[in-house]
Amino acid sequence: MKGSRAHVIYLPKQAQDILVGLQMCAGGSEYLVPGRYNFRKPLSNAALNSLIDRTVKIINEDGEHIQDFTVHDMRRTASTLLHEAGYPSDWIEKALAHEQKGVRAVYNKAEYARQRAYMLQQWADMIDSWINGEHTDLIPFSPSKFEKWMAGE
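In C-alpha cells, the structure reads:
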C-alpha cells in the first residue's frame, strides 16, 4: 500500500525467503515486522531508521566507513542505480509506486508486472553477490536477456 493506493510488489526469490522467516518470527501479528512495543502495529520508519543508525555506528566503530543513511536513501539509491544500468524509467517508477502525472497518467495504465519482476530479481542477485564478497555492479539492462528470461531460458 502506498498512500491509499494498493501497490503490487513482484518479489525476487531472495525476498520471498526472507518473508517466510519474518512470518515465523512475527509472533502471530498480522504484520511481518510488527512494532517494537505493539505487535498489532507495524514497525515504524523511525524505529527502522534508528536500527540503521545503530548498525552504521557499529560498522564504523569496527573500522569500516559507511555514511549514515535512511530507508528513503535506499529507495533513491535503487532508482539511481537501476536508471544508470539502463532499466526503463516506467518500470522503476512503477516499482517505487510513484504516480505518473498529466496525460501519461490518463492513458498509461500498464503495470509492467513481468518487467518489474525481472528487474527486481536482477537487483536482488546483485545484492547477493555483495553479501558473498563479490564486487559486482548491476548488470546493465539487455532486452535480449529480458526476452530469454520471459521465455524461461
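Using our numbering, the first residue of the sequence shown is number 73, and each one after it goes up by one. Note that CB positions come from ideal geometry on N, CA and C, so glycine has one too.
Quick one: give me the first and last residue of the alpha helix (DSSP H) that Thr208 is part of. Numbered from 1 along the sequence shown, position 136 holds the residue referred to as residue 208. Looking at the DSSP string, Thr208 is not in any alpha helix (DSSP H), and its letter there is neither H nor E.
Give me, in chain order, the residues of the same chain whose beta-carbon lies closer than 8 Å to that of Leu168; leave out the 5 immediate sequence neighbours on both sides. Counting from 1 along the sequence shown, the entry for residue 168 is found at position 96. Arg147, Ala150 and Ser151, listed in sequence order.
List the whole-angstrom C-beta distance separating Arg188 from Tyr82, where the pair is believed to meet the contact cut-off of C-beta under 8 Å. Sequence index remark: in the sequence shown, residue 188 carries index 116 (1-based). Sequence index remark: in the sequence shown, residue 82 carries index 10 (1-based). Contact flag correct, Cβ pair sits at about 5 Å.
Is Arg108 helix, strand or coil when you go by DSSP? Mapped onto the sequence shown, residue 108 falls at position 36. Coil at Arg108, not helix or strand.
Using three-state DSSP, classify Pro114 as helix, strand or coil. Taking the sequence shown and counting its residues from 1, the one referred to as residue 114 is at position 42. In the structure shown, Pro114 sits in a strand (DSSP, three-state: E or B).
State the start and end residues of the unbroken alpha helix (DSSP H) segment that holds Glu183. Counting from 1 along the sequence shown, the entry for residue 183 is found at position 111. Run containing Glu183: none; DSSP gives neither H nor E here.
Just curious, the alpha helix (DSSP H) that His170 is in, first and last residue? Walking along the sequence shown from the start, residue 170 turns up at place 98. From DSSP, His170 is part of no alpha helix (DSSP H); its letter is neither H nor E.
CA-to-CA distance, Gly158 to Ala196, given in whole angstroms: Here residue 196 refers to the residue found at position 124 when the sequence shown is read from its first residue. Here residue 158 refers to the residue found at position 86 when the sequence shown is read from its first residue. The alpha-carbon atoms of Ala196 and Gly158 are separated by roughly 16 Å.
With contact counted as at least three CB pairs below 8 Å, one residue from each stretch, are the stretch 134 to 143 and the stretch 106 to 123 in contact? yes
Just reading off the alpha helix (DSSP H) that Ser151 is part of, what are its end residues? Stepping through the sequence shown from its first residue, residue 151 is reached at position 79. Run containing Ser151: Val143 to Glu156, per the alpha helix (DSSP H) assignment.
Member of Leu210, Val175 and Glu219 whose CA lies at the smallest distance from the CA of Leu192: Counting from one through the sequence shown, the residue named residue 192 turns up at place 120. If we check each option's Cα against that of Leu192, Leu210 comes out closest.
Near Ala98, which residues of its chain fall below 7 Å by C-beta distance, leaving aside the five closest residues on each side in sequence? Within the sequence shown, the letter at position 26 stands for residue 98. Only Leu104 and Pro106 meet the Cβ criterion.
Straight-line gap, Gln88 to Gln95 (C-alpha atoms, nearest Å): On the sequence shown, position 16 is the one that residue 88 refers to. On the sequence shown, position 23 is the one that residue 95 refers to. Cα to Cα, the separation comes out at about 11 Å.
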